[in-house]
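See structure below.
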Amino acid sequence: MTNAPAATRGRRPALMLALATLGFAVNFWAWALLSPLGPRFKELLGLSSGQQALLVAVPVIVGSLGRIPVGALTDRFGGRVMFPLISAATIVPVLFIGLFGQTSLAALLIGGFFLGIGGTVFAVGVPFVNAWFPPHRRGLAVGVFGAGMGGTAISALTTVTLVRTGGAATPFLITAVVLAAYAIVAWLVLRDAPGRTVATQPLATRMAATLKLAITWQAGVLYAVAFGGYVAFSVYLPAYLQTGYGLELADAANRMAGFVVLAVLARPLGGWLSDRVGPIPVLTGVFVLIAVMAGVQALTPSLMPIGTIAFLTMAAALGAGSGATFALVAQVAPPDKVGTVTGLVGAAGGLGGFVPPLVMGFIYGQLGSYGLGLALLAITAALTLALTVIVVRSAAARRTAEQVGTR
């Protein structure tokens, strides 16, 4: 068992949470560098809508699947080792794309593949933060850590401007320097929680046991819709706004940044509410809002005000849902498998973000409209709502009763 009382004395938990959140933000900044430049590469390299969607989706799929082994490794070696390791490894593809990889689609895809390493850092942070806080504070703590996904907003707000003012390599060089600085600080300052549960079983054994847990599959579906929806919009929204509403690239990128910022702010709120009223009621409200607003946007209303209200409401709901999902994981998952569960659930979330941009690009190429894609999101959210109310609620209640009975 984790020595929660000892681990939460003094100011160290807050410092560890702050450093973990910073590491999440920095690595997600790097992970999202290609998205704001998607329209630029489309124009420069003559890419089709499908090729542009593939370009921005590749880091997502790699970062998602990579969370599975990274989460398991974090259960074994801890965040003190894994945070600086992931950050240092991400520097290589960032420099490759910035200095050599912008001349062809093949080079961008290779760079984007390894850029996915930065997206795996999420599976490091959740078990690291979990071990530093007692159960009744984990929802908020993991939600605050999850706000580090705002690194994608940094990318959205700065990348295009830096390319225009300093050249094509500038945002990549700056990000590489920040990653290096963080890796050094993390190595020197980060510490794992005293008494944290260390996984000792072989990786394959732990993975097999984790796959048998109901929470792994249930939270995976919830996160695929909540965080997957956030990722999908954060990588494809500029192209959607530019193509569907005729916005300039900078305007579309700024609006995407607003979407991201609101989702980021809502994520700790989802965790905080989950600590107080439980994650199931929060998730229920979240999927109701997503289903309704995606249905509204499927009709392609005017951007002001209806479209803006629909997108911002979805941003808040997706962020809160992401926070509530991991509040549920923190309550239900066994302590020695939090990292492995996080890796699998995080992978599901990333995969949830990989598919929609490809679907949206394909649908627009066939129909000249994004309406069907958003209608599919509304239907998916409605089905996830039913899963939450019928299946997840009863499973969480059983697990809570079992935990109380073993105390």
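Under the numbering used here, the letters of the sequence shown match residues 1 to 407, in that order.
Here a beta-carbon is modelled for each residue, glycine too, at the ideal position from N, C-alpha and C.
Reference residue i, options the options, closest by Cα
i: ARG393; options: TYR236, LEU222 and PHE41; result: LEU222
i: GLY319; options: ALA266, ALA397, SER274 and THR200; result: ALA266
i: VAL292; options: VAL124, VAL62 and ILE309; result: ILE309
i: ALA381; options: MET314, PRO357 and LEU55; result: MET314
i: ALA106; options: THR175, VAL58 and ARG67; result: VAL58
i: THR200; options: ASN130, SER274, PHE259 and ARG76; result: ARG76
i: VAL56; options: ALA181, ALA324, GLY271 and SER234; result: SER234
i: LEU47; options: PHE287, VAL92 and LEU109; result: LEU109
i: ARG12; options: VAL391, VAL329, ASP192 and LEU289; result: ASP192
i: ILE215; options: SER369, VAL332 and ARG137; result: VAL332
i: GLY295; options: LEU99, GLY125, LEU377 and VAL178; result: LEU377
i: LEU17; options: GLN52, PRO127 and GLY66; result: PRO127
i: THR284; options: ALA180, ASP251 and GLY321; result: GLY321
i: ARG398; options: TRP187, LEU213, ALA252 and ILE184; result: LEU213
i: GLY125; options: ARG164, LEU85 and ALA375; result: LEU85
i: LEU157; options: MET256, ALA14 and GLY38; result: MET256
i: VAL135; options: ARG276, LEU289 and ILE91; result: In the sequence under discussion, the amino acid at residue 135 is Pro, which differs from the Val named in the question. Checking every option, the nearest Cα to that of PRO135 belongs to ARG276.
i: LEU299; options: VAL355, TYR370 and VAL329; result: TYR370
i: GLY244; options: TYR364, ILE91 and MET82; result: TYR364
i: ALA123; options: LEU65, PHE172 and PHE100; result: LEU65
i: ALA375; options: VAL286, GLY350 and PRO356; result: PRO356
i: ARG137; options: THR74, GLN102 and SER274; result: SER274
i: ALA14; options: ALA141, ILE184, TYR182 and LEU358; result: ALA141
i: ALA183; options: LEU54, ALA168, VAL163 and ALA89; result: ALA89
First and last residue of the uninterrupted alpha helix (DSSP H) at residue i
i: GLU43; result: 38 to 45
i: PRO135; result: 135 to 146
i: ASP75; result: 49 to 77
i: PHE114; result: 105 to 115
i: GLN297; result: 279 to 297
i: ARG206; result: 203 to 211
i: ALA180; result: 170 to 189
i: MET16; result: 12 to 31
i: ARG164; result: 151 to 166
i: THR384; result: 371 to 387
i: LEU237; result: 214 to 245
i: PRO127; result: 122 to 132
Contact under 9 Å by Cβ, residue i with residue j
i: PHE133; j: GLY111; result: no
i: SER87; j: GLY148; result: no
i: GLY343; j: VAL70; result: yes
i: GLY50; j: ALA232; result: no
i: VAL341; j: THR210; result: yes
i: PRO409; j: ALA396; result: Look at the range of the chain in this structure, 1 to 407, and you will see that residue 409 is not part of it.
i: LEU203; j: ARG80; result: no
i: VAL129; j: ALA32; result: no
i: GLY220; j: ALA348; result: yes
i: VAL26; j: GLY143; result: no
i: GLY270; j: GLY323; result: yes
i: GLY417; j: MET360; result: As shown, the chain starts at 1 and ends at 407. That puts residue 417 outside it, with no answer to give.
i: TRP29; j: VAL178; result: yes
i: THR120; j: ARG206; result: no
i: VAL225; j: ILE154; result: no
i: PHE172; j: LEU99; result: yes
i: GLY78; j: ALA330; result: no
beta-carbon residue i near the ligand PLP non-hydrogen atom, thresh 8 Å
i: ASP251; result: As far as ligands go, the structure on display features none, and thus does not contain the ligand PLP.
Practice task
Would you check if the segment 301 to 314 and the segment 382 to 397 touch, i.e. whether three or more CB-CB distances between them fall below 8 Å?
Solution key: no
Problem - Three CB pairs or more closer than 8 Å across the segment 323 to 340 and the segment 106 to 122 - result: no
Problem - Inter-stretch contact (C-beta, 8 Å, three-pair minimum) for the segment 226 to 240 and the segment 32 to 44 - result: yes
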